[in-house]
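Working notes, beginning with the structure itself.
Number of protein chains: 2
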Amino acid sequence: MSDTELFKALADPTRRAVFERLADGEMNATALRQGFAMSQPAISQHLAILRSAGLIAEQKLGRNVMYRINPDGIARMHQWLSRYHAFWPKRVDELKRLLKEMDQ
Amino acid sequence: MSDTELFKALADPTRRAVFERLADGEMNATALRQGFAMSQPAISQHLAILRSAGLIAEQKLGRNVMYRINPDGIARMHQWLSRYHAFWPKRVDELKRLLKEMDQ
DNA sequence: GAATCATATAAGTGTATGCTTATATATCCT
DNA sequence: AGGATATATAAGCATACACTTATATGATTC
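Note that the protein sequences, when read in sequence, are chains A and B. Read in order, the letters of the first sequence are residues -16 to 87 in the working numbering. Read in order, the letters of the second sequence are residues -16 to 87 in the working numbering.
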């Protein structure tokens, strides 16, 4: 739940790839494993780390476990970054465009 | 320069603390060391990691080296995060307030 | 109830990380 | 030039990390 956990979780390329796939929609562990040349326990361990960092959430469905993004992690990332908004890119326009999208 | 380097750099509490101090204004390595119960080489190594991740920039001034935040790092963080704007906190108001501040 | 499937946990291993002390390099001062 | 100051680099060490194989747990299916 700490910032350190959050950044550490995202510091691994495999975990960022897993996270990115989950952004497209929830998925169980077996489906997530596809495309990674890695053992099942390895993925399971990565998922545990993402989960305890607050980046993903899980839901048991029978013998499957569905994983989805937990917005809390992104929110905390966002919060950390907002401290440094003085250094954010000058493309405020882009941010404005984004806001417009969110309003719709 | 990679995302992995970026997240790894920020995954260490000392480095985040250094970064945070630099957000208040540029500082040389000796000044930065104050408040950290750590050897000079340790801080120097942390600075090298932050630098190669693109998070800080350095400028030699005689025998001193001035460090300051490099906006590129924050920009790349921001860019990474923007991929997941669908999961951003709903407090759009806060973001709007921020934008207003930036406009002024 | 036994075999199978989905996932997690345990234990072990090589490599990376964050420190340390010792030393090098470069600048400033007298 | 010689000593002090500011910083970086080298080498070494203990701990953390990302894997592996083997095994456990629990849900399904036959």
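For glycine and all other residues, C-beta sits at the position ideal for the given N, C-alpha and C.
Next item on the list: Anything in chain B within Cβ reach of F89(A), meaning under 7 Å, just list it in chain order.
Entry: Residue coverage of chain A in this structure runs from -16 to 87, which leaves residue 89(A) outside it and unanswerable.
Note to self: Taking CB distances under 8 Å as the criterion, tell me whether L64(B) reaches chain A.
What the structure shows: Closer than 8 Å: yes.
Check: Nearest chain B C-beta to H61(A) closer than 8 Å, yes or no?
Finding: Answer yes: the Cβ-Cβ gap between H61(A) and chain B drops below 8 Å somewhere.
Next item on the list: Anything in chain B within Cβ reach of R(-1)(A), meaning under 9 Å, just list it in chain order.
Entry: Near R(-1)(A) (Cβ distances below 9 Å), the residues of chain B are D(-14), T(-13), F(-10), W63.
Item checked: Residue-level contact to chain B via CB, I32(A), 8 Å cutoff -> Judged by the 8 Å Cβ criterion, I32(A) is not in contact with chain B.
Checklist line | Contacting residues, own chain, Cβ-Cβ under 7 Å from R51(A) (five flanking each side not counted) | finding: Apart from the 5 residues on each side of it in sequence, R51(A) sits with its Cβ closer than 7 Å to the Cβ of L5, E9, I39, A40 in its chain, given in chain order.
Check: Opposite A40(B) in the DSSP bridges: which residues?
Finding: Note: A40(B) sits in a beta bridge opposite R51(B).
Margin query: Less than 7 Å between C-beta atoms, sequence neighbours within five positions excluded: which residues of the same chain meet that for R(-2)(B)?
Written below: Result list for R(-2)(B): A(-8), H29, I32, L33, in chain order.
Notebook entry, point to check: Which residues, taken in chain order from the segment 3 to 14 of chain B, show a beta carbon closer than 9 Å to some beta carbon of chain A?
Noted result: Within the segment 3 to 14 of chain B, those residues whose Cβ lies closer than 9 Å to any Cβ of chain A are, in chain order, E3, A6.
Margin query: Taking 8 Å as the threshold (C-beta atoms), are G56(B) and L15(B) in contact?
Written below: Not in contact: L15(B) and G56(B) (Cβ atoms no closer than 8 Å).
Check: Got a sec: is the Cβ-Cβ distance from F105(B) to anything in chain A below 8 Å?
Finding: One cannot answer for residue 105(B) here, as it falls past the ends of chain B, which runs -16 to 87.
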